[in-house]
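Notes to accompany the following structure.
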Amino acid sequence: MRRESQGAVAAGLALALSMLCGCGGSVERQAAAMTGGEPGRGKGLVRKYGCESCHTIPGVSGADGTIGPPLDGIAKRAYLAGRLPNEPQNMIRWIRDPQAIEPGSAMPEMGVGEQDGRDIAAFLYTLR
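In my numbering, the protein residues as written are 111 to 238.
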């Protein structure tokens, strides 16, 4: 791994660890600060974009899909999509354009805009 990649991974892990230990405020505030999104709005958007049809998502009624991985604990995972370090910019990229990252993935392109991607990522970072 290149030195700058290691630095980015270390910074992302430090941010995630601070979020997990509860340092610096509520999980929602930390998730919002990490992503520039609104977790409450993001929770509603997962239904708008149909995420519940493929994923089991805690706190979202009827979100019991089994096509994609369950999203409980996603904030604590080291990687997204099996290859991206779990960092806010990667989460937002994956939500917005999964096919650019993993062509042929079962995760479809849903036309998620920049702010909606930030809001959904903020919600997902509350799932510990």
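Every residue, glycine too, gets a C-beta built ideally from N, C-alpha and C.
query	result
Measuring straight from C-alpha to C-alpha, what distance separates P195 and V137?	20 Å
Can you tell me where the alpha helix (DSSP H) holding I205 begins and where it ends?	P198 to R206
Rounded to whole angstroms, what is the Cα-Cα separation between N200 and R193?	10 Å
What distance in whole Å lies between the Cβ atoms of G227 and R206, which are believed to be in contact at a cut-off of 8 Å?	4 Å
What is the C-beta distance between I230 and G152, in whole angstroms, given that I count them as a contact (C-beta under 8 Å)?	4 Å
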